[in-house]
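First the structure, in the form of structure tokens, and then the observations on it.
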Amino acid sequence: MTVYSKITQHVVYPLGDAVLRTNVMKYMDALERSQWWSLDELVEMQNTKLRALVAHAYRNVPYYRRVMDERGLSVAEIRTVDDLPRLPVLTKDLVRQNYADLKARGFRRWHPSLETSSGSTGKPLQYYTTMDARSIGWAATFRSWKWAGYRLGDKRVTMAASALLPERPSVAQRLRWFAERNVPLSAVHLTRETMASHARRIEQYRPRFIRGYPTALYLFADYLRSQGRCLQGVKAAFTTAEMLPLSYRRTIENQFGCQVQDQYGCIEGAAKAIECASHQGYHIAAELTKMEMVDSDGKAAGPGKPADILATDLHNYAMPFIRYAVGDRAVLSESRCSCGRGLPVIKSLEGRTTDVIRFDNGVALSGVAITGIFSFCQVKQFQVVQTAGSRLLVKVVKGDGYTQTDTDLYTGLLRSHAGQDVEIAVEYVDDIPTTKAGKHRFVISSPAA
Ligand SMILES: [Zn+2]
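Residue 268 in numbering that gives the first Met the number 0 sits at position 269 of the sequence shown; the count goes up by one each step and never skips.
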């Protein structure tokens with residue numbers, strides 16, 4: 000362990016916890032142990048936390064008292080996570096409509112922190128979480144970074160936009176980055192000039208870890224490839240906040256000379272699942288969230304089937320999110336991970352629910368199926384837009400060596416999946432604009448989405 004890692008662990012974070020009234024260090028110790036518990040033990044922990052949360056919600060949160068009374072449900076009837084389907088699903092619209100009623104009585108005592116979701120599709124959502132919920136969330140993130148060899152205080156670079164890097168960081172935020180030795184690099188407008196500047200900064204700074212949006216890290220890796228350069232001394236790249244196509248993963252691995260650890264997360268609902276070094280799926284951070292998988296009828300979907308994620312934040316007492324429809328789809332794994340951790344595993348992430356394209360002929364194609372198609376082509380970037388029920392517009396930034404064979408390959412694969420009656424137009428572009436939050440959208444399922 001380096002001297003700075005020791006200082007971070009024994010001075011910086013304990014001091015940060017004291018000043019900010021957070022509990023990151025306490026939870027890091029607890030999560031270090033519980034990751035090795037059996038699945039049964041973890042579920043028992045979830046049940047205990049859920050019973051306390053539901054009792055609090057019924058007593059102190061007008062929205063939950065109302066929906067439970069309407070269903071004739073008592074607190075005693077929600078004893079385990081298997082009882083959750085008795086409670087209604089919480090959607091973004093319901094949060095907006097019941098904003099005041101979702102806040103707990105004595106709201107301030109839970110040290111609420113106001114958050115805004117990045118709103119990559121649709122309107123951003125404002126909501127409250129608590130310093131306690133944020134603390135265990137950060138502890139779970141640090142735990143997963145440790146799976147890739149991270150030690151607190153290791154130098155890192157974050158290449159992202161507003162979802163990870165606020166546009167106008169506060170003094171406290173800047174101080175935190177300084178103490179954590181985290182250098183922020185903007186992923187907004189990644190031109191060749193900005194990437195050349197980022198490359199110089201990274202080569203001078205020599206970080207051990209690079210975190211960022213998959214598209215930003217991929218474009219940067221592709222820039223390095225075009226310059227015949229590779230990074231030295233990077234132990235892992237942490238990708239988050241977008242889908243990660245296989246071709247992106249491979250390019251980042253090759254040019255950064257390290258593994259990619261992909262991370263899934265949504266702060267509202269506390270959904271969090273992250274790859275370990277075995278790369279057999281994404282371990283759910285079961286200590287802070289219960290992630291249910293449900294089919295289109297709202298019924299529990301078994302392992303192996305694409306399903307919608309509902310997340311219950313077991314620590315947010317200021318504004319409880321119980322069975323929150325995150326808007327993402329995933330497939331639960333049928334097997335355990337060979338690393339031996341008891342944390343349940345998501346086999347694959349299927350993208351946003353809004354990324355599913357439904358054609359007039361009845362076929363539905365998920366975001367992950369569409370991104371998979373382009374992994375075989377010399378395509379630098381792409382975006383598939385549904386312009387009508389049976390019509391697609393494919394925007395393509397050509398990669399080196401792109402030929403007509405590539406066009407034939409992805410249009411042929413799209414037709415073989417979507418149906419021969421689907422019309423496909425291809426438009427070659429120089430770049431594809433990101434969302435306001437700086438994220439790339441691979442799929443736009445309707446012009447209005
Ligand atoms: Zn594992």
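Each residue gets a CB set at the ideal place from its N, CA and C atoms; glycine is no exception.
> Where does Ala447 sit, in a helix, a strand or coil, going by DSSP?
Replying inline: Position 448 of the sequence shown holds residue 447. Annotation note: pLDDT 47 at Ala447 (below 50); position unreliable, no value reported.
>> What does DSSP give as the partner residue(s) for Lys394 in the beta ladder?
In response: Translated into positions along the sequence shown, residue 394 becomes position 395. Per DSSP, the beta bridge partners of Lys394 are Gln382, Glu426.
>> For Glu114, report the span of its beta strand (DSSP E) as first-last.
In response: Position 115 of the sequence shown, counted from the start, is the residue given in the question as residue 114. Bounds of the beta strand (DSSP E) holding Glu114 are 111-115.
> Using CA coordinates, which residue listed in Thr410, Glu349, Gln377, Gln382 is at the minimum distance from Lys397?
Replying inline: Mapped onto the sequence shown, residue 397 falls at position 398. Per the Cα distances, Gln377.
>> Short of 6 Å in beta carbon distance, which residues of its chain neighbour Val66, apart from the five on each side in sequence? Order them along the chain.
In response: Here residue 66 is taken as the residue at index 67 of the sequence shown, counted from 1. Around Val66: Pro87.
>> Between Arg340 and ligand 1, is there a pair consisting of the residue's CB and a ligand heavy atom that are separated by less than 7 Å?
In response: For the purposes of this step, residue 340 is identified with residue 341 of the sequence shown, where counting begins at 1. Ligand 1 has a heavy atom closer than 7 Å to the beta-carbon of Arg340.
> Would you say the beta carbon of Ser277 comes nearer than 7 Å to a heavy atom of ligand 1?
Replying inline: As a first step, residue 277 must be located in the sequence shown, where it is residue number 278. Checking the Cβ of Ser277 against ligand 1 gives yes.
> What distance in whole Å lies between the Cβ atoms of Met292 and Leu348, which are believed to be in contact at a cut-off of 8 Å?
Replying inline: By 1-based counting over the sequence shown, the position of residue 348 is 349. By 1-based counting over the sequence shown, the position of residue 292 is 293. Actually they do not touch by this definition, with Cβ atoms about 12 Å apart.
>> Going by C-alpha to C-alpha distance, which of Ile356, Ala329, Gly418, Thr353 sits closest to Val451?
In response: Only positions 0 to 448 of the chain appear in this structure, which leaves residue 451 out of reach.
>> Please tell me whether, using a cut-off of 7 Å, the distance from the CB of His9 to the nearest non-hydrogen atom of ligand 1 is below it.
In response: Locating residue 9 in the sequence shown gives position 10, where the first residue counts as 1. No, ligand 1 has no heavy atom inside 7 Å of this Cβ.
>> Assess contact between the segment 0-9 and the segment 32-46, defined as three or more Cβ pairs (one per stretch) separated by less than 8 Å. Is contact present?
In response: Segments in contact, no.
> Just to check, is the beta-carbon of Cys336 closer than 7 Å to a non-hydrogen atom of ligand 1?
Replying inline: Indexing the sequence shown from 1 puts residue 336 at position 337. Within the cutoff, so yes.
> His110: beta carbon under 7 Å from a heavy atom of ligand 1?
Replying inline: Residue numbering aside, residue 110 sits at position 111 when the sequence shown is read from its first letter. For His110, the CB stays at least 7 Å from every heavy atom of ligand 1.
>> I'd like the list of long-range same chain contacts for Tyr204, defined as Cβ closer than 8 Å, with 5 residues on each side in sequence excluded.
In response: By 1-based counting over the sequence shown, the position of residue 204 is 205. Lys154, Val156, Val182.
> Ala171: buried (16+ other C-beta within 10 angstroms of its C-beta) or exposed?
Replying inline: Numbered from its first residue, the sequence shown carries residue 171 at position 172. Exposed: under 16 other Cβ atoms inside 10 Å.
> His439 and Thr214: beta carbons closer than 8 Å?
Replying inline: Reading the sequence shown from its first residue, position 440 is the one you call residue 439. Reading the sequence shown from its first residue, position 215 is the one you call residue 214. His439 is a Cβ neighbour of Thr214, given a cutoff of 8 Å.
> Whose C-beta lies closer than 8 Å to the C-beta of Asn253 among residues of the same chain, with five residues either side of it excluded?
Replying inline: The sequence position of residue 253 within the sequence shown is 254, counting from 1. Hits under 8 Å: Ala220, Arg224, Cys229.
>> What would DSSP say about Phe219, mapped onto helix, strand or coil?
In response: For the purposes of this step, residue 219 is identified with residue 220 of the sequence shown, where counting begins at 1. Three-state DSSP puts Phe219 in a helix.
>> Please tell me whether, using a cut-off of 7 Å, the distance from the CB of His188 to the nearest non-hydrogen atom of ligand 1 is below it.
In response: Position 189 of the sequence shown, counting from 1, holds the residue named residue 188. His188 Cβ: outside cutoff for every heavy atom of ligand 1.
>> In the DSSP assignment, the beta strand (DSSP E) including Thr311 goes from what residue to what residue?
In response: Locating residue 311 in the sequence shown gives position 312, where the first residue counts as 1. Per DSSP, Thr311 belongs to the beta strand (DSSP E) from 305-312.
> So is Gln403 buried or exposed if we call it buried at 16+ other beta carbons inside 10 Å?
Replying inline: Mapped onto the sequence shown, residue 403 falls at position 404. By the neighbour-count rule (16 or more Cβ atoms within 10 Å), Gln403 is not buried but exposed.
> Between Met242 and Val367, is the Cβ-Cβ spacing less than 8 Å?
Replying inline: The residue you call residue 242 lines up with position 243 of the sequence shown. The residue you call residue 367 lines up with position 368 of the sequence shown. At the C-beta level, Met242 and Val367 come within 8 Å of one another.
>> At a threshold of 7 Å, does His416 count as lining ligand 1 (C-beta to nearest heavy atom)?
In response: Here the question's residue 416 lines up with position 417 in the sequence shown. Every heavy atom of ligand 1 is 7 Å or more from the Cβ of His416, so no.
>> Just verifying my parser: in three-state terms, what is the DSSP assignment at Arg149?
In response: Counting from one through the sequence shown, the residue named residue 149 turns up at place 150. The amino acid occupying residue 149 in the given sequence is Tyr; Arg does not appear at that position. DSSP places Tyr149 outside both helix and strand once states are collapsed to three, so it counts as coil.
> At what residue ranges does the segment 64-133 contain a whole run of the alpha helix (DSSP H), taking only runs of 4 or more?
Replying inline: Counting whole runs of 4 or more residues, the segment 64-133 contains the alpha helix (DSSP H) stretches 91-96.
> Can you give the Cα-Cα distance for Val2 and Leu151, rounded to whole angstroms?
Replying inline: Position 3 of the sequence shown, counted from the start, is the residue given in the question as residue 2. Position 152 of the sequence shown, counted from the start, is the residue given in the question as residue 151. For the pair Val2 and Leu151, the Cα-to-Cα distance works out to about 11 Å.
>> Given this structure, state the Cα-to-Cα distance separating Ala448 from Val18, to the nearest angstrom.
In response: Translated into positions along the sequence shown, residue 448 becomes position 449. Translated into positions along the sequence shown, residue 18 becomes position 19. Its pLDDT being 43, under 50, Ala448 is placed unreliably in this model, and the value from its coordinates should be taken loosely. Those two C-alpha atoms are separated by around 42 Å.
>> On a Cα-Cα basis, can you pick out the residue from Leu93, Arg133, Lys91 that is closest to Leu481?
In response: Outside the modelled stretch of the chain, which goes from 0 to 448, sits residue 481, for which no answer is possible.
> Does the Cβ of Lys91 have 16 or more other Cβ atoms within 10 Å, making it buried, or fewer, making it exposed?
Replying inline: Locating residue 91 in the sequence shown gives position 92, counting from the first residue. When all chains shown are included, Lys91 counts as buried.
> Met194 and Tyr222: beta carbons closer than 8 Å?
Replying inline: Here residue 194 refers to the residue found at position 195 of the sequence shown. Here residue 222 refers to the residue found at position 223 of the sequence shown. Here Met194 is near Tyr222, since their CB atoms are less than 8 Å apart.
> Mapping DSSP to helix, strand and coil, what is Val330?
Replying inline: Indexing the sequence shown from 1 puts residue 330 at position 331. The three-state reading of DSSP puts Val330 in strand, counting E and B together.
>> Contact between the segment 304-317 and the segment 96-110 is defined here as three or more beta-carbon pairs at a separation below 8 Å; is this criterion met?
In response: Flag = yes, the segment 304-317 and the segment 96-110 touch.
>> According to DSSP, simplified to helix, strand and coil, what is Pro13?
In response: For the purposes of this step, residue 13 is identified with residue 14 of the sequence shown, where counting begins at 1. Of the three classes helix, strand and coil, the one that applies to Pro13 here is helix, per DSSP.
> How about Val74 and Val53: do their beta carbons lie closer than 8 Å?
Replying inline: Here residue 74 corresponds to residue number 75 of the sequence shown, with the count starting at 1. Here residue 53 corresponds to residue number 54 of the sequence shown, with the count starting at 1. Val53 is positioned such that its CB atom lies closer than 8 Å to that of Val74.
> How would you label Val355, buried or exposed, when you count the other beta carbons within 10 angstroms and need 16 or more for buried?
Replying inline: Within the sequence shown, numbered from 1, the residue matching residue 355 stands at position 356. Burial of Val355 is indicated by the presence of at least 16 other C-beta atoms within 10 angstroms of its C-beta.
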